[in-house]
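Q:
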Amino acid sequence: MRAKRIMVVMASPLAAAALAFSPTLMAQAAADTSQAPTAFAPQAPEVKSPSKQGAIDGAATGNQDGVHCNWGLHDNPEAKKSVYKKAKDYTAYENAYETAYKTAYEQQDDKCDPNE
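In terms of mature numbering (1 follows the signal peptide of the UniProt record, and there is no 0), the sequence shown is residues -29 to -1, 1 to 87.
This is how it looks when you write it as structure tokens:
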């Protein structure tokens, strides 16, 4: 490894005073002598578990159908079946989806039926 060499520069008192009171010059001087920071890779988006994603999708669809009083019109968890390769992942997704769909629909459905 090669040793770093430090150069000593004689500065006039005026230049030293300007450097001492100028934040811009101090930042530039510090940047010139410091090493460049390491680059960080961007973080990957958070991956949701099948049950969390099922709950999110089911609630959104249940709200949509509940507003229009259309039970089961858009209820289709099988649309995401190809996303989950393992049967247990799809089962977790489907169970969470159906539960969230029913809950969200029933919250909206009460507004549709005047007898309830």
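The C-beta atom is built at its ideal place from N, Cα and C for all residues, glycine as well.
Find out if the Cβ-Cβ distance for the pair D46, D60 is shorter than 8 Å.
A: no
Q: With a Cβ-Cβ cutoff of 8 Å, do G33 and K73 count as a contact?
A: Their beta carbons are under 8 Å apart, which means G33 touches K73 by this criterion.
Q: Rounded to whole angstroms, what's the CA-CA distance from T62 to H39? Just pull it up for me.
A: 28 Å
Q: What do you reckon, are the CB atoms on E69 and P48 nearer than 8 Å?
A: yes
Q: Under DSSP, the alpha helix (DSSP H) around S22 begins and ends at which residues?
A: For S22, the enclosing alpha helix (DSSP H) starts and ends at 21 to 38.
Q: Assign A26 to buried or exposed, taking buried as 16 or more other Cβ atoms, counted over all protein chains shown, within 10 Å of its Cβ.
A: buried
Q: Use the C-beta contact count for A71: other C-beta atoms within 10 angstroms, 16 or more gives buried, fewer gives exposed.
A: A71 comes out buried.
Q: Does the distance from the C-beta atom of S22 to that of A75 stay below 8 Å?
A: no
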